[in-house]
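The block underneath contains the structure these notes are about, expressed in structure tokens.
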Amino acid sequence: SEETLPKEPSMSNAALDKKILLPTIAIVLLTSAPLIFYASSLQGMIQSIYDFTAKSFGWGYILLYLLGGFFVFFIAFSPYGKIKLGGHDQKPVFNNFHWGSMIIAAGHGIGMVNWSMVEPLITNNAAPLGHGANAAYSYEVATAYTFFHWGPYYWVLYLIPCIPIFYFMGVRQVKKQRVSECLTPLFGRKLIDGWFGVCLDVFIIMGLAGGIGSTLATAVQLVSGLYADYFGLPDTQALHLGVLGMFTVITLGSIRKPLSKGMRLLSDMNSILALSLLAIVLIGGATGYFFSLGTNTLGMVLDMFPRVSGWTDPFNASGFPAKWTVFYGAWFLAYGPMMAIFFTGISMGRTLRETVLGVYFFGCLSSFLFSVIFGGFSLYLQYTGQFDVYAFYLANGLPNTVSKVVSLTPLHQIMSPAFLICCTIFLTTTIDAATRVMASMSSKEILSDQEPSVTSKYIWCISLSILVLGVLLVGGLEIIQALVVLAAIPLLGICVIMNISMFKAVREDFPNIWAANLLYIDKEKSGGKA
Numbered sequence: 001s002e003e004t005l006p007k008e009p010s011m012s013n014a015a016l017d018k019k020i021l022l023p024t025i026a027i028v029l030l031t032s033a034p035l036i037f038y039a040s041s042l043q044g045m046i047q048s049i050y051d052f053t054a055k056s057f058g059w060g061y062i063l064l065y066l067l068g069g070f071f072v073f074f075i076a077f078s079p080y081g082k083i084k085l086g087g088h089d090q091k092p093v094f095n096n097f098h099w100g101s102m103i104i105a106a107g108h109g110i111g112m113v114n115w116s117m118v119e120p121l122i123t124n125n126a127a128p129l130g131h132g133a134n135a136a137y138s139y140e141v142a143t144a145y146t147f148f149h150w151g152p153y154y155w156v157l158y159l160i161p162c163i164p165i166f167y168f169m170g171v172r173q174v175k176k177q178r179v180s181e182c183l184t185p186l187f188g189r190k191l192i193d194g195w196f197g198v199c200l201d202v203f204i205i206m207g208l209a210g211g212i213g214s215t216l217a218t219a220v221q222l223v224s225g226l227y228a229d230y231f232g233l234p235d236t237q238a239l240h241l242g243v244l245g246m247f248t249v250i251t252l253g254s255i256r257k258p259l260s261k262g263m264r265l266l267s268d269m270n271s272i273l274a275l276s277l278l279a280i281v282l283i284g285g286a287t288g289y290f291f292s293l294g295t296n297t298l299g300m301v302l303d304m305f306p307r308v309s310g311w312t313d314p315f316n317a318s319g320f321p322a323k324w325t326v327f328y329g330a331w332f333l334a335y336g337p338m339m340a341i342f343f344t345g346i347s348m349g350r351t352l353r354e355t356v357l358g359v360y361f362f363g364c365l366s367s368f369l370f371s372v373i374f375g376g377f378s379l380y381l382q383y384t385g386q387f388d389v390y391a392f393y394l395a396n397g398l399p400n401t402v403s404k405v406v407s408l409t410p411l412h413q414i415m416s417p418a419f420l421i422c423c424t425i426f427l428t429t430t431i432d433a434a435t436r437v438m439a440s441m442s443s444k445e446i447l448s449d450q451e452p453s454v455t456s457k458y459i460w461c462i463s464l465s466i467l468v469l470g471v472l473l474v475g476g477l478e479i480i481q482a483l484v485v486l487a488a489i490p491l492l493g494i495c496v497i498m499n500i501s502m503f504k505a506v507r508e509d510f511p512n513i514w515a516a517n518l519l520y521i522d523k524e525k526s527g528g529k530a
């Protein structure tokens, strides 16, 4: 038969769904207003709520990860993995390099770059598994724990809400890019199209906005610190707001273009640049140490895995899981639905097995490289006594510490400007991906291989920038952690229900799933039947 060419995501003139758009925009603005005008008075209240929430619900994120890991790999290696996103003739739109680059750029964004140099130092000082700070064992644990957080833990929690969205939006190809569509088999079309579905989607979008706003606020602080250090500027609130405004304008220009010409090109550029930076540190530094640390890290993760995977620290001896693992769990889960919609759009033509394992592989590989090379370099400076990075972090904060560590790398005259460019692109791709997905979720009808209208993307880009402005003014890592955890709590239950609904849909669509070699729904040729 004649093969068709892969179809790239096309621009859409989908009408805005005011039932979704107006309430969510209103809530975003109403949330931003008190953060902007009453920042100082809200800090204590937000922190108290976070302390209560982390202790009361933190175990849920860790339990979801424990059970979710089995679920994710069951989907990949069982007959469910043979289900294809798109019709029979659908070819992958992007090759593996483009695909992997966009997964890393949107999934990790600037977060991994932000934390890979500093989190190992924080973990070493906390010594969560004993032996005390600055012991050789604590240094080993620090690298392994950073990789665990940003690798296996991170991407399993991402994939739990991703898999049902892959199915409904990529396989069934529903005409609305919303989480509520994943619950139709359980609750029925009438309820999903009515007030229940609207409230659910507004709720989900607000959780996404909270996670995105917190991520972008941290990213803006990092990039501002890098600009301040490189250009000799004072690292003030005014600079943060100026950087936010600059990136808002850059993103407004990027989202005018389709995915294949905007996000893909930026992601490719950043993958090449990031690999070059990692290579400079790896080859120009203590190369043998990095290979030794990488091998040791894999062994340490396997050794630690049974304990840290379910560790909730119930007697509060250290508070480490509540402060970091729970925070990361909420952060990653809040991002999950947004990433799922984005990943679906770039994964059409691939099977569920290819999509799940590809997302997991590219995510874990990038986190391993950053943790071992950038994180390992920071630990090397600390352990050998060349520079007290942790003391510098306590005195100067995260952005300045990252900038200082980069200035100590080999070929720092090249590394510093290149790293600044890398972070700049990462921040742009994060805002770009978030804007496209939020706009898709607030459109009336739009397929996974289409893009939302430029107008809707403009509205969300500006709205998210206002929310980030509020979070920046409240300030402080602890406040950002609190906002993320509070925004993500409802997703614990919703993720479970989404996957139950997916299994019900698969039984209806593919009654002979255990016998078939390739499973797909071709709407054009079979009228929507499997």
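So for the sequence shown, my numbering puts the first residue at 1; every next one is plus one.
Each residue gets a CB set at the ideal place from its N, CA and C atoms; glycine is no exception.
From the DSSP secondary-structure annotation, give me the bridge partner or partners of residue i.
i	result
L16	S443
K84	T351
Assign residue i to buried or exposed, taking buried as 16 or more other Cβ atoms, counted over all protein chains shown, within 10 Å of its Cβ.
i	result
W460	buried
C199	exposed
S378	buried
H149	buried
P120	buried
N249	Per the sequence shown, residue 249 should be read as Val rather than Asn. Label assigned to V249: exposed.
I283	exposed
D303	exposed
K457	buried
S271	buried
L222	buried
A135	exposed
N499	buried
Could you tell me the distance, in whole angstroms, from the CA atom of residue i to the CA atom of residue j?
i	j	result
G531	I431	Residue coverage of the chain in this structure runs from 1 to 530, which leaves residue 531 outside it and unanswerable.
D69	V156	As written in the sequence, residue 69 is Gly, which differs from the Asp given in the question. About 6 Å.
G253	F247	10 Å
A76	S366	20 Å
F362	L472	31 Å
A340	P164	9 Å
H240	L467	14 Å
P79	V506	11 Å
S292	F343	34 Å
K175	I446	5 Å
A228	L427	16 Å
T24	A434	15 Å
G528	L183	Note on G528: pLDDT 45, under 50, position unreliable in the model; the coordinate value appears next. In a straight line, the C-alpha of G528 is about 18 Å away from that of L183.
T287	L278	11 Å
V405	I205	36 Å
S416	V301	31 Å
Y390	S407	16 Å
V437	Y137	42 Å
G100	F147	19 Å
S56	F73	29 Å
How many whole angstroms separate the CB atoms of residue i and residue j, which I take to be in contact at a CB cut-off of 8 Å?
i	j	result
V118	T384	Their Cβ separation, rounded to whole angstroms, is 18 Å, which puts V118 and T384 out of contact at 8 Å.
G170	R353	G170 to R353, Cβ: 13 Å. No contact.
S371	S116	6 Å
P399	G130	With a Cβ gap of about 31 Å, P399 and G130 do not count as contacting.
D268	H108	The pair is not a contact, with the Cβ atoms about 15 Å apart (cut-off 8 Å).
M348	V93	6 Å
Give the DSSP-derived three-state secondary structure of residue i in the structure shown.
i	result
P410	coil
I421	helix
W99	helix
H149	helix
D313	coil
T4	Note that T4 has pLDDT 38, beneath the 50 cutoff, so the model's placement of it is unreliable and no number is given.
Q173	coil
H240	helix
L233	coil
K91	coil
A135	coil
W514	coil
Q221	helix
A106	helix
A286	coil
F320	helix
D388	coil
S463	helix
S78	coil
I521	coil
P490	coil
V113	helix
Between residue i and chain D, is the shortest Cβ-Cβ distance under 8 Å, so that the two count as touching?
i	result
I250	Judged by its chain identifiers, the structure shown contains no chain D, having just a single protein chain.
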